[in-house]
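Residue numbers (this note's numbering): 9 to 433. Cβ atoms here follow ideal geometry from the backbone N, Cα and C, with glycine treated the same way.
Given below as structure tokens:
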């Protein structure tokens with residue numbers, strides 16, 4: 009019985025290996041593989057998001073001074089998960105595996121990444137769920153590629169398609185998520201693996217559809233910015249000027265991260281000690297400035313809708329940068345893209361407080377774009393993602409700010425695996 013079942017399975021795979029006969033259209037069997045990858049990625053992302061929301065709601069009951077022990081305990085638990093189950097790595101490991109490990113992302117790290125990131129993100133760490141989602145959905149793409157017996161660039165493309173499905177689920181932008189999965193892999197000024205753009209786009213669309221069905225996601229902007237009205241060609245100059253300011257703080261963020269990295273690596277302590285210390289510090293910051301807690305998905309709207317004074321905004325800016333840096337360097341798991349958008353929002357509001365005649369929305373979006381492009385080197389996808397999340401339909405000013413951040417970024421990139429192209433042999 010088992011032999012017959014195995015024979016039928018082999019026969020099915022042999023049929024999948026053949027091109028579709030009498031097919032007058034562009035799509036082929038590969039389309040269905042990309043679609044399946046996206047559907048599975050969307051299901052994973054939807055399940056992760058539901059668990060994260062419930063866990064976050066539970067831990068949110070601990071307010072006031074209780075936030076300090078809560079974040080300390082969650083940091084300790086996340087560190088113990090990493091110590092005993094295995095280190096899932098960070099975004100630079102994903103980039104290296106795509107480029108130098110024949111596009112393979114190993115699923116064996118997923119349990120550690122899921123559990124540790126849930127503790128870190130839900131308790132209020134200044135990192136978002138994008139990195140865990142990308143790790144899990146990208147490795148799912150690799151797993152499906154092996155089932156479909158793919159090799160070489162086809163397997164790499166399916167892994168990238170899986171990554172794109174994870175980015176898309178979080179950002180709600182299929183095109184932006186697809187481009188981000190390619191741009192994050194680039195070297196110097198070139199976007200590599202452009203052949204994967206269609207697989208990534210197809211997977212992103214199906215992932216977005218499934219994710220929207222699971223969590224009942226609507227179509228529209230995530231953050232409630234005021235409507236922007238174009239006033240003339242000088243708006244592009246303003247976008248570049250705001251972009252320069254955002255880039256300066258991108259540099260500051262990178263140097264702050266390097267400083268705390270040296271602090272946490274000064275002596276060799278077990279990972280759970282580092283995450284415990286990080287949790288205590290993050291809890292103290294969150295106790296004094298509650299708006300800096302969490303990765304910023306909901307807090308950005310609080311900033312935009314609140315009438316905060318200049319001094320308070322400056323303090324929030326300083327301590328949010330410190331909180332992200334500590335979260336990154338103390339071993340907590342997550343992604344820093346949306347937290348950087350929070351920093352950009354705060355910076356835009358500070359600019360508006362200093363210069364009330366400045367368009368608030370243009371200042372915020374330009375700073376968001378520049379700081380993210382400076383740190384991640386993803387100007388194209390940043391432009392599209394921000395257009396989707398903010399409802400800012402004038403892409404050109406965002407693109408000007410993004411390119412400003414990209415070309416004024418440090419020569420040595422923040423994501424170390426983007427710095428040097430090694431042989432893939």
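Restricting attention to 342, 335, 330 and 318, the CA atom closest to the CA of residue 356 is found in 318. For the pair residue 257 and residue 308, the CB atoms are not nearer than the 8 Å cut-off. Taking 3 residues as the minimum length, the segment 342-413 contains no beta strand (DSSP E) run wholly inside it. Here residue 58 is exposed. Its C-beta has fewer than 16 other C-beta atoms within 10 Å. Assignment of residue 136 by DSSP, reduced to helix, strand and coil, places it in the strand class.
Burial is judged here by how many other beta carbons sit within 10 angstroms of a residue's own beta carbon; residue 314 has fewer than 16 and is exposed. In the three-state reduction of the DSSP assignment, residue 217 falls in the helix class. A straight line joining the alpha-carbon of residue 236 with that of residue 272 spans about 43 Å. Residue 65 counts as exposed, since fewer than 16 other C-beta atoms from the protein chains shown sit within 10 angstroms of its C-beta. Rounded to whole angstroms, the Cβ separation of residue 140 and residue 125 is 4 Å, and the two are in contact under 8 Å. In the pairwise beta carbon analysis, the segment 137-153 is classified as not touching the segment 351-369: fewer than three pairs are separated by under 8 Å. Here residue 232 is exposed: its Cβ has fewer than 16 other Cβ atoms, across all protein chains shown, within 10 Å. With contacts defined by Cβ atoms closer than 8 Å, residue 345 and residue 268 do not form a contacting pair. The residues 255, in chain order, have a CB closer than 6 Å to that of residue 416 in the same chain once the five nearest residues on each side in sequence are set aside.
In this structure, DSSP gives residue 73 a helical state, which the three-state scheme calls helix. The straight-line gap separating the alpha-carbon atoms of residue 63 and residue 82 is approximately 12 Å. Of the candidates 69, 369, 75 and 380, 369 places its Cα closest to the Cα of residue 234.
Taking the CA atoms as reference points, residue 165 sits about 16 Å from residue 182. In summary, residue 296 is exposed, with fewer than 16 beta-carbon neighbours lying within 10 Å of its beta-carbon over all protein chains present. Annotation for residue 54: 219, 222 and 223 place their beta carbon closer than 6 Å to its own, counting only its chain and skipping 5 residues before and after. Bounds of the alpha helix (DSSP H) holding residue 55 are 37-67. Collapsing the DSSP output to three states places residue 175 in a helix.
Annotated three-state conformation of residue 162 is helix, per DSSP.
Boundaries of the alpha helix (DSSP H) around residue 311: 307-313. Here residue 71 is exposed, its C-beta having fewer than 16 other C-beta atoms within 10 Å.
By the neighbour-count criterion, in which a residue is buried when 16 or more other Cβ atoms sit within 10 angstroms of its Cβ, residue 364 is exposed. DSSP, read as helix, strand or coil, puts residue 241 in coil.
As the crow flies, the alpha-carbon of residue 172 is around 22 Å from that of residue 336. In the structure shown, residue 415 falls within a helical segment according to DSSP collapsed to helix, strand and coil. Within the same chain, Cβ atoms closer than 6 Å to the Cβ of residue 215 are found at 46, 49, 50, 173, 176 and 177, the five residues on either side in sequence being excluded.
Taken through DSSP and simplified to helix, strand or coil, residue 112 comes out as coil. The alpha carbon of residue 265 has as its nearest neighbour, out of 376, 134 and 52, the alpha carbon of 134. Judged by their CB atoms, residue 78 and residue 251 are not nearer to each other than the 8 Å cut-off. In the displayed model, residue 190 falls within a helix according to three-state DSSP.
If you look at residue 338, you'll find it isn't in any alpha helix (DSSP H); DSSP assigns it neither H nor E. In the DSSP assignment, residue 283 falls within the unbroken alpha helix (DSSP H) covering 279-296.
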